[in-house]
Amino acid sequence: MVAVQFLLNGRPVSAPPVPLQTTLLDYLRGEGLTGAKDGCAEGECGACTVLLVAPHDSSSAYRAVNSCLMFLPMLAGHEIHTVEDLARDNKLCEVQQAMAAAGGSQCGYCTPGFVMNLFAEQYRPDRAGLCDPHQMGGNLCRCTGYRPIRDAALSLGPAPADAFQARLSRPSPRLLALRSAGFSRPESVEECVQILVEDPAAKLVAGGTDVGVESNQRGSRWAHLVSLEAIEELREFSENDDRVLIGAGLPFTDILRRWWNAPAAVAEWLLTFASPTVRNRATLGGNLGNASPIGDSAPLLLALDASLHLAGPAGRRTILLHEFFTGYRKTALNPAELITAIEIPKPIPALWRFFKVSKRRMDDISTVAASMALSFDEQRRITRARFAFGGVADRSLRVLSAEEIVIGQPWTKPTVEAAQSAIAGELKPMSDHRGSAAYRLAVAQSLVEKFWHEG
Amino acid sequence: MRDSGPHESARGHVTGAALYTDDLLGRFPRLLHAWPVCAPHAHAALLRLDTDAALATPGVCTVLTGADVPGEGNTGANRHDEPMFPLEAMHHQQAVAWVLGETLEAAQRGAALVRAEYEELPPILTIEAAIAADSYLSGPHRMVRGDVSALERSALKFEGELRIGGQEHFYLETQCAIAWLDETGGVSVQCSTQHPAEAQEIAARVLNLPRSQVTVECLRMGGAFGGKEVQSNPWVAVAALGAWKTGRPVRVRLTRKLDMALTGKRHPYLIRYATGFAEDGRMEGLRATLYSDGGWSLDLSEPILWRSMFHCDNAYLLPNVELTGYVCRTHKTSQTAFRGFGGPQGMLAIEEILDQAARRLGMRPEAIRERNFYREGNSTHYGQPVKDASRIQRIWDELKASSSFEARREEIARWNADSPYRKRGIAMTPVKFGVSFTATFFNQAGALVLIFRDGSVQVNHGGTEMGQGLNTKVRRIAAETLGVPLEAIRLMPTNTGKVPNTAPTAASAGTDLNGAAVANACSELRERLREVAAALLDCAAVEVQFEQGRVSAPGKEPLPFGRVCEEAYRRRVSLSAEGYYRTPEIHYDPKTGRGRPFYYFAYGAAVSEVELESFTGDCRVRRVDLLEDVGDSLAEVIDRGQLEGGFVQGLGWLTIEELLWDSHGRLATAGASTYKLPSWSELPEVFKVSFLPRATEPGVIFGSKAVGEPPLMLAISAREAIREAIAAFGSGGPVHLDSPATPERIFFAIRAQQEQGGPA
């Protein structure tokens, strides 16, 4: 049981002690703020969306987050707004007016979530031009077919100069260190390692988009959660001539924003990675650390020979991502060790793409994910090749035989076919609800041709 | 006619103030939470149930078992074939007992500690297995016209098989019920249901109470789509039984995962057919057997199957036809109503057959469709004259022109010729959908309208609001009939204590029935007020006008509506009235398969254009044009919403929504992360919607027409466009494509087509 203080709709609240894994959604609904709804309890539908005031350089931004995936103690020191706060003085805000007028609600159950996400978009500090309806990509509507919601989004102008807008010029709340029996929030990597040494069973949580699902859907319970949110080092991003360094705790939304000059493959990867709402919380460290064989980050980074910076009781070390995954959801992390950053070496290969194959084009889990990279000599012969896949084995992997067979070759159809044969010989995917083994294998090969065809 | 404005609850929706059942929890002190004990097998005998450990768990109040039921422990709507506490588990995760806890977590802990012993029995998990085992819930049902042996003499004869997947409703608000003992000893229930009267019936049945002792209210639903027509009943029964046993309020709310594991879905179908066509594309004979996967109990599977058989014609004349239908019994959730109610599967079959015939005959698919349209004077294969049959052709022609179909088809052919890895396809399909409940007795509705002395109005009716805009339309009907502004009308939650013995809000007939009943009550009240107003205005009754809250007569100073109401009260004129409506002229005899089951047909057509990619089977919907006959639209924003939303829901059913059960009968896609409904990526890039002009429907409220279900079937155009694009990868020959057309199915269909040979 942990007591938590935070700002809720502009007012300080002190939540009474609750079980550690009580979600923000359950807390809000228990307080009578029933605008946020439970639609799926796994961050897929967005009906529970609320706004978090998040750092945006030296000022702030409203970030839409799934309240079903945040444990209440994680809220300590945060500032959040719910749909009940938007219509002030009994006057609908512009987003609400637009949604109502456009016929953007039918049953209305998903509507508060859409409103929250669109509100965050209207007030997004770096927005230029129209509101992007795809910012609501983490919200499902079963009634409207989305067209009126798109129209509502496109009808909005700049955010009005109101109290919500004024708030954004100030920094987001600084998160302080916390220590209690069930919940810890260290401020430094060393402190975090120390906590993990003292309590090997403690569960690390960054954005919570995976841990929250494990809690809600599989009923996992932990005695001790360690939040990484207050460790500034994990949120760093830097780039120089030799490498790009991405803090393991930097949300995906910020990766896209900070790495503004990234090659196209980065956008291909990030814009199909979960949903904007999930990307507002999910981190690269989390996506790699959970070692899911269907995580999208691993294939992308395998193709770049990325390495991971780790910190543990024995100090700091670096490991190639290629050597990091050791089995199904298994990694080379030692006890009490955590990922602090992801390093991508430069130069980035001349030809580099990311492909995601899924039943639904947006906000779905990959049936097959692939990232491929080629470097060439002056005769346009391949000097270095990477064919990395997710969804085709118990872990994300590179198909080394395919990479070897194309070295020294020109990038032509026969070379493509040689790589495809090597892939066919090496991959043994399985069948599940996302796709059959035959489909996975055929697509893994055919993506090489797509890579060749589209360049 | 004035417009109805935005959705009646739009303000509540966008502010979060609109309440749904589970938003009421805070109003019930000492509330108990229910959680099921679920069978871990698809089919098993329950040998023993030991609740001791659960009852010893802190926070567990009690465990509900069969011994607690004072009445009949069965929630089956028609056949009474759904035991609340089964001794034989009939599908994976079926609830065999329910734990009530002080918190949800306590109830869940308790449920995990109930020890249940089972003897596993062999499950039947596919339609094919059910056929082999002769495992049917119902059938054979037959509909026959003409001499089907005619097909043996046809120029083109072929046989085929089509598999059609089911669909999860995925209403955003999962099933929920709260029951408590009210102040006078009765049982009250708040729940999310399309059929409060049946929820009341089932609760009374379980508790052995007269129905007068049970009151059921539904504020609104967060979507339903048929999934809360009968499938909402079991949860009401558990909540009511729990409240009865403990004397405390009890809440049953299914999590998404449980909702998907426990509740029925759209029926999967297997359709086998033999057919014959003349060289010019006229269908000469069709023999088809429809097998629906009904799951473990009957539910509404019979009328759903009938509706499939009624709609095997879609918009086409079937001169010689023999349809046979079976509902298969399998060890899965009990499949149920879902927007279209069997109609979509029947239509998909005929559209499949027509396309297969077109590609064999070398005809354009849209040409073979047009060739077979119903014409004025035709009757359906069940003997109902096709009223307004010429509208099929009229809609077709208008849409073909407005969507530039022919020009785009040619442009696509040129584009495809230069594009080896991506192909586009365009297709056009019609919809003719019968409106009315085929269970004739359901086609009635009641209303209760209360006018208060200040002129404000409460409208009660038996329909439920699930997002479809029923209350928006009813508010307009009431306001215009009484001559008051929309704001003067307050729509009340649906309550069995206000309007009794109601039909479910279903079959697209919610407005036709309830709107007419409300208009009936409002007309009655207006006529009473007319007399009063005539006296006040000192004019003849026929001269009195009611408009926008003003009551006037030529040459007289208008009176506020409230002034007339006050006067009526003082003159002892009743200010409340009940309204009633029953649909005329309909009848149907399931034994002969003949009759006039539908009051009218709703017509429409759609053009879809898609682009496929051969590397992955990826599909993108580029443009959609819809033209629908909604009669005189009662609310354009609402009707457009039904068209677009229905189309996208149908698109999901036919493309990415895939229900998969594993070899143990477990639903492998029980959750939002594994079952994908349309998202932003499925919204067509260009989406044009129009209503057929000059289409007043006589005999229906304000000349309008039903709009809830028909648009779902317009999405068949997208499936046919996908097939057209697949064909473009090869020689244009027949394309086998089971439904849904997932990227994987498209991928392999393209491969099969490429192997058949290059483009013609």
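Going down the list, the protein sequences come from chains A and B. For the first sequence, the working numbering gives the first residue as 25, with consecutive numbering after it. For the second sequence, the working numbering gives the first residue as 5, with consecutive numbering after it. Heads up, the beta-carbon is just placed ideally off N, CA and C, and yes, glycines get one too. As the structure is a computational prediction, the values presented were derived from the model and not from experiment.
The region 323-338 of chain B makes no contact with the region 687-707 of chain B: fewer than 3 CB pairs, one atom from each, lie closer than 8 Å. Just so you know, the alpha carbons of Val210 of chain B and Asp263 of chain B end up roughly 22 Å apart. Between the C-alpha atoms of Ala71 of chain A and Gln469 of chain A there is a straight-line separation of about 38 Å. The three-state reading of DSSP puts Asn376 of chain B in coil, since its state is none of H, G, I, E or B. Shown here for Val690 of chain B: same chain residues with a beta carbon closer than 6 Å to its own, the five before and five after excluded, namely Arg627 in chain order. In this structure, Leu96 of chain A sits away from Tyr133 of chain A, with a CB-CB distance that is not shorter than 8 Å. Rounded to the nearest whole angstrom, the CA to CA distance from Phe446 of chain B to Leu517 of chain B is 10 Å. Boundaries for Leu451 of chain A: no beta strand (DSSP E) harbours it, and the DSSP string shows neither H nor E there. In the three-state reduction of the DSSP assignment, Ser239 of chain A falls in the helix class, which pools H, G and I.
For Asp175 of chain A, the uninterrupted alpha helix (DSSP H) run begins and ends at 171-178, by DSSP.
Rounded to whole angstroms, Phe378 of chain A and Leu424 of chain A show a C-alpha spacing of 18 Å. Straight through space, the alpha carbons of Met313 of chain B and Met717 of chain B are spaced by roughly 15 Å.
If you look at Gln757 of chain B, you'll find it in the alpha helix (DSSP H) that goes 747-760.
Non-local C-beta neighbours of Leu495 of chain B in its own chain, meaning closer than 7 Å and more than five positions away in sequence, comprise Glu12, Val463, Asn475, Val478, Arg479, ordered along the chain. Thr301 of chain A: member of the alpha helix (DSSP H) spanning 300-303, first to last residue.
Look at Asp622 of chain B here: in three-state DSSP terms it is coil, with no helix or strand label. Approximately 6 Å separates the beta-carbon atoms of Leu352 of chain B and Ile168 of chain B; this is inside 8 Å, confirming the contact. Residues of the same chain with a CB within less than 7 Å of the CB of Ala122 of chain A, apart from the 5 flanking positions on each side, are Ala176, Ser179, Leu180 in chain order.
Cβ contact annotation for Val221 of chain A (same chain, cutoff 6 Å, sequence separation greater than five): Pro337, Ala360, in chain order. For Asn382 of chain B, the closest of B:Arg395, B:Ile372, B:Ala371 by C-alpha to C-alpha distance is B:Arg395.
Put simply, of B:Ala544, B:Thr384, B:Arg276, B:Val148 the residue whose alpha carbon is nearest the alpha carbon of Gly164 of chain B is B:Arg276. Relative to the Cα of Gln403 of chain A, the nearest Cα in the group A:Trp435, A:Leu228, A:Gln189, A:Cys117 belongs to A:Trp435.
Listed in chain order, the positions of the region 116-147 of chain A with a beta carbon within less than 7 Å of a beta carbon of chain B are Leu116, Gln120, Met123, Ala124, Ala125, Gly127, Ser129, Gln130, Cys131, Gly132, Tyr133, Cys134, Thr135, Pro136, Val139. Short of 6 Å from the beta carbon of Gly432 of chain A, and not among the five residues preceding or following it, lie these beta carbons of its own chain, in chain order: Arg405.
Counting other Cβ atoms within 10 Å of its Cβ, Glu124 of chain B stays below 16 and is therefore classed as exposed.
Ile660 of chain B reaches chain A at Lys383, Arg384, counting residues in chain order whose Cβ is nearer than 7 Å. Nearest to Gly339 of chain A by alpha-carbon distance, out of A:Leu357, A:Ala247, A:Met396, is A:Leu357. CA-to-CA, the gap between Leu541 of chain B and Arg534 of chain B works out to about 10 Å. When Cβ-Cβ separations below 8 Å define contact, Pro10 of chain B makes contact with chain A. Burial of Tyr592 of chain B is indicated by the presence of at least 16 other C-beta atoms within 10 angstroms of its C-beta. Against chain A, the CB of His17 of chain B has a partner CB under 8 Å away; the residue lies at that interface.
Counting only runs of at least 3 residues, the region 584-648 of chain B fully encloses the following beta strand (DSSP E) elements, listed from N- to C-terminal order: 591-593, 598-600, 604-617, 623-632. Contact note: Met98 of chain A does not reach chain B at a C-beta cutoff of 9 Å; the least C-beta distance is about 19 Å. Bounds of the alpha helix (DSSP H) holding Met123 of chain A are 118-125.
By the Cβ neighbour-count rule, Val711 of chain B is buried, with 16 or more other Cβ atoms within 10 Å of its own.
Within a 10 Å sphere around the beta-carbon of His45 of chain B sit 16 or more other beta-carbons, which makes this residue buried.
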